[in-house]
Amino acid sequence: MIFAGTLMRAQAASSGSSSSSAGPFLGRWDLTLKSPDRDYPSWLEIRQEDGQLKAQMVGRWGNARPLPKVEVSDGQLTFVSPKDEEGSKTDLVFQARLTGKTLTGTVNGPDGKTWQWVGVKAPALVKTGEPKWGKPIQLFNGKDLTGWKMSAPGPPVWTAKDGNLVSPGNGPELISDTKFQDFKLHLEFNCGKDSNSGVYIRGRYEVQIETESEAEPPSHHTGGVYGFLAPSPELARTPDVWQTFDITLIGRRVTVVLNGKTVIDNQEIPGITGGAVDSHEGMPGPIYLQGSEKGHVAFRNIVITPSQ
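Numbering-wise (UniProt numbering), the sequence shown opens with residue 1 and increments by one.
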């Protein structure tokens, strides 16, 4: 992803929100925004610090960012997403009430229409013990796109060439037909100069691939989980060279090994990243390879070992 913004704390305080009234709204929420054309996955975290409400959000794209306003009054949650982050002429004002355990509300969409939206508490996804691993599965046969589908018709399109999956950039995503819960994923990637891509695990959390985001925050660099987790140590950018990822995802904890070096070690992913296929975090999801950003990227030797 190349959208601007950094993961940080919201600075605006709420008004008219007591601890008791805000309590049911605190925590992480998986949101679905319902536009006239399609559903957009989104994510929200509300917390209370020093008696004030703070919030951060992943919108229709980009990464987690602070919200300038969040409040609870008379059982209604209100928060504001700035227009500059939303590609809108006006700020988006989200309002919702709890219906049972579900947030149900409306927002003034960037198209000028009223959108409906719902939110459910994000699952903890806490796992104990090491999974029992199954047999490795080759996700790419080296010859064609069997087992994969593109998110939209081209051109440009993904192709299988010389044993590689190749995207020229600015095209569709490539999504595996099979969905997975917990797994170990091995793949090799080759990212061209001034290019940007990523691997979405469970289709919801982007492990970044790039050769052009040096000026972006560290979590936007190769090996980071976009907007949430920064790789450490950071390895040198090497365009047009084959590199390896070994990624283990158990619950919401991830380990990323880049070229044999652990850069994220069993860290928690707070929520979905921009571009996720959906916000249903408790469900299995696909592997998806990002082709919508700029520049050439290729993948090969894609092997997944699912838990049993």
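Virtual Cβ for every residue (Gly too), placed ideally from N, Cα, C.
Can you give me the C-alpha to C-alpha distance between residue i and residue j, rounded to a whole angstrom?
i      : j      : result
SER195 : PHE299 : 14 Å
MET57  : SER279 : 13 Å
SER14  : PRO168 : The pLDDT assigned to SER14 is 41, lower than 50, so where the model puts this residue is not dependable; a value taken from the coordinates is nonetheless given after this. Each residue's Cα considered, the two are about 46 Å apart.
ARG38  : ARG60  : 11 Å
SER42  : ASP182 : 22 Å
LYS69  : SER20  : 19 Å
GLU130 : VAL199 : 23 Å
ILE201 : ALA64  : 17 Å
GLY203 : GLY274 : 11 Å
GLY27  : GLY227 : 19 Å
ILE264 : LYS135 : 25 Å
ILE247 : GLY192 : 22 Å
THR78  : LEU44  : 12 Å
ASN259 : TRP117 : 41 Å
GLN290 : PRO24  : 36 Å
Could you check if residue i is buried or exposed, using at least 16 other CB atoms within 10 Å of its CB as the buried criterion?
i      : result
VAL207 : buried
SER197 : buried
LYS132 : exposed
PRO231 : buried
THR244 : exposed
LYS184 : buried
VAL93  : exposed
Please report the Cβ distance between residue i and residue j, rounded to the nearest whole angstrom; I am assuming they are in contact, meaning their Cβ atoms lie under 8 Å.
i      : j      : result
VAL241 : ASN190 : 7 Å
ILE137 : ILE272 : Their Cβ separation, rounded to whole angstroms, is 24 Å, which puts ILE137 and ILE272 out of contact at 8 Å.
TRP29  : GLY119 : 4 Å
VAL257 : ILE269 : Between ILE269 and VAL257 the Cβ distance is about 16 Å, and since that is not below 8 Å, they are no contact.
ALA22  : LEU53  : 6 Å
*Determine, using beta-carbon pairs with one atom in the stretch 287 to 305 and one in the stretch 77 to 91, whether at least three such pairs fall under 8 Å.*
Result no; under three Cβ-Cβ pairs closer than 8 Å.
*asked:* With three or more beta-carbon pairs closer than 8 Å as the criterion, would you say the stretch 146 to 155 touches the stretch 169 to 187?
replied: A contact exists between the stretch 146 to 155 and the stretch 169 to 187.
*Assess, as a yes-or-no matter, whether the stretch 68 to 75 is touched by the stretch 101 to 121 under the definition of 3 or more beta carbon pairs within less than 8 Å.*
Cβ pair count under 8 Å is below three, so no.
*Tell me the start and end of each unbroken beta strand (DSSP E) in the stretch 277 to 307 that is at least 3 residues and wholly inside, in chain order.*
Runs of the beta strand (DSSP E) lying entirely within the stretch 277 to 307 and spanning at least 3 residues, in chain order: 297 to 306.
*Which runs of the alpha helix (DSSP H) spanning at least 4 residues fall entirely within the stretch 117 to 171, listed in chain order?*
none
*What residue ranges within the stretch 14 to 79 form continuous alpha helix (DSSP H) runs of no fewer than 4 residues, ordered along the chain?*
19 to 22
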